[in-house]
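Numbering (our numbering), first residue to last: 776 to 835.
We treat Cβ as the ideally placed atom computed from N, Cα and C, and that holds for glycine.
The structure appears below as structure tokens.
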């Protein structure tokens, strides 16, 4: 019985470890996506500023 209990405990721990790994992967992916979108937003804003500056030069 002790061996069976140890196996069940090991399986429960492995399941928890897998769930933790899955959660860490999800968090990492979401963080990477957020960083990419933030960088894209910064680049877009920089491009908008450049376009506005060029339009002002063309108007005057």
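Span separating the alpha-carbon of residue i from that of residue j
i: residue 833; j: residue 825; result: 12 angstroms
i: residue 809; j: residue 799; result: 15 angstroms
i: residue 778; j: residue 787; result: 14 angstroms
i: residue 814; j: residue 806; result: 12 angstroms
i: residue 816; j: residue 803; result: 20 angstroms
i: residue 827; j: residue 792; result: 52 angstroms
i: residue 831; j: residue 823; result: 12 angstroms
i: residue 796; j: residue 784; result: 18 angstroms
i: residue 811; j: residue 821; result: 15 angstroms
i: residue 794; j: residue 829; result: 52 angstroms
i: residue 819; j: residue 780; result: 58 angstroms
N- and C-terminal bounds of the alpha helix (DSSP H) containing residue i
i: residue 793; result: 777-834
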